[in-house]
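When we follow this note's numbering, the leftmost residue of the sequence shown carries the number 715, and every step to the right adds one.
Reading through the structure tokens given below for one structure.
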Amino acid sequence: MAAHNRDIDGLEEGGVRSTEEKYQKSFKDEDGGATFCTSANVVVMIQKVIAEAVGTYFLIFVGCGAVALNKIHGTITFLGICLAFGVIVMVMVYSVGHISGAHFNPAVTITMAIFRQFPVKQVPLYILAQLLGAILASGTVYLLLDVDDQSFFGTTPVGSTSQSLAMEFIASFLLMFVISGVATDNRAIGEMAGIAIGMTLLIGVLIAGPISGGSMNPARTIGPALIMHKYTAIWIYIVGPIFGTILGGFVYNLIRFTDKPLKEVAKASATFIKSASSRVW
715 MAAHNRDIDG LEEGGVRSTE EKYQKSFKDE DGGATFCTSA NVVVMIQKVI AEAVGTYFLI
775 FVGCGAVALN KIHGTITFLG ICLAFGVIVM VMVYSVGHIS GAHFNPAVTI TMAIFRQFPV
835 KQVPLYILAQ LLGAILASGT VYLLLDVDDQ SFFGTTPVGS TSQSLAMEFI ASFLLMFVIS
895 GVATDNRAIG EMAGIAIGMT LLIGVLIAGP ISGGSMNPAR TIGPALIMHK YTAIWIYIVG
955 PIFGTILGGF VYNLIRFTDK PLKEVAKASA TFIKSASSRV W
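See below:
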């Protein structure tokens, strides 16, 4: 989940720099005119999208597969489910983090774009890849394990709506705070990013699971919901993770920019809408 972004994004010491410079290379035409997207850019983008789809697929297949198996056979246990989510994220971060940044989560992608750690123009493709991976994985689990309605492997509130929303918000805040620290700040030990992110997800599922299901990821909820047609309080798992990750990223940036005035941190998020409308291939 956004691992190795210090290498991918070319971050400055203790600061942030857009990935445009590395992945959105443009070339002038003979007259020095408008920039254009080269075939090399397209290939790199395809590689990143495939990596996100595959990574998200295995996140959902392993994590939600563990949920389904536990409901069907009762052999995995809740702790086993937590371990499944944490370990598969760690494995996939080390597998494709150097290719796509290993987001595997629309909320993480949106947050990194807001804070200019990821190109805005790539956000739709990443989210589509993540949703596709989640849907395909959910379909695989559903067919392979012959899941019935009683073995739904998605997320629905166990506590009240407000409790579930708060839990998703807090767990997502923690997840993005850790991601920001270990995967986007080059002062951290980058080799430990996968372990830190995997353990954070494990903790999030462990704490939030009994209340909200411990999603922290809109794709993790949307995939099973679409396959099994269960949409109970699905908005919680979209709103909670997105706003939780945004605040988590914002708070980490308050810590990161120790040598810059607070208004510069706020400006980083305020420019998101402007960037989204003005940047083109």
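Glycine included, every Cβ here is placed at the ideal spot set by N, Cα and C.
Small disclaimer: the values here were computed from a predicted structure and weren't measured.
Below 8 angstroms between beta carbons: does that hold for residue i and residue j?
i, j, result
"alanine 933", "proline 838", "no"
"threonine 854", "serine 929", "no"
"glycine 963", "threonine 825", "yes"
"isoleucine 911", "isoleucine 893", "yes"
"isoleucine 1077", "phenylalanine 772", "Beyond the ends of the chain as shown, which are 715 and 995, falls residue 1077; an answer cannot be given."
"valine 810", "glycine 769", "yes"
"valine 807", "isoleucine 795", "no"
"leucine 845", "isoleucine 950", "no"
Tell me whether residue i sits in a helix, a strand or coil according to DSSP, three-state version.
i, result
"leucine 842", "helix"
"alanine 848", "helix"
"methionine 930", "coil"
"threonine 870", "coil"
"phenylalanine 818", "coil"
"valine 861", "coil"
"arginine 970", "helix"
"threonine 875", "helix"
"glycine 788", "coil"
"phenylalanine 1013", "Not covered by the structure: residue 1013. The range shown for the chain is 715 to 995."
"threonine 752", "coil"
"phenylalanine 832", "coil"
"threonine 825", "helix"
Among the options, which residue has its Cα nearest to the Cα of residue i?
i, options, result
"leucine 793", "Met804, Gly777 and Lys944", "Gly777"
"asparagine 784", "Asp862, Leu845, Leu842 and Ile841", "Asp862"
"alanine 939", "Ala848, Gly895 and Leu916", "Ala848"
"leucine 850", "Leu968, Ile936 and Met759", "Ile936"
"glycine 918", "Ala843, Ser753, Phe799 and Ile790", "Phe799"
Subject >> Unbroken stretches of the alpha helix (DSSP H), 4 residues or longer, contained in the stretch 889 to 964 >> reply: 907 to 926 and 932 to 942
**OP:** Could you tell me whether the stretch 947 to 961 touches the stretch 896 to 904, using the rule of 3 or more Cβ pairs below 8 angstroms?
**Re:** no
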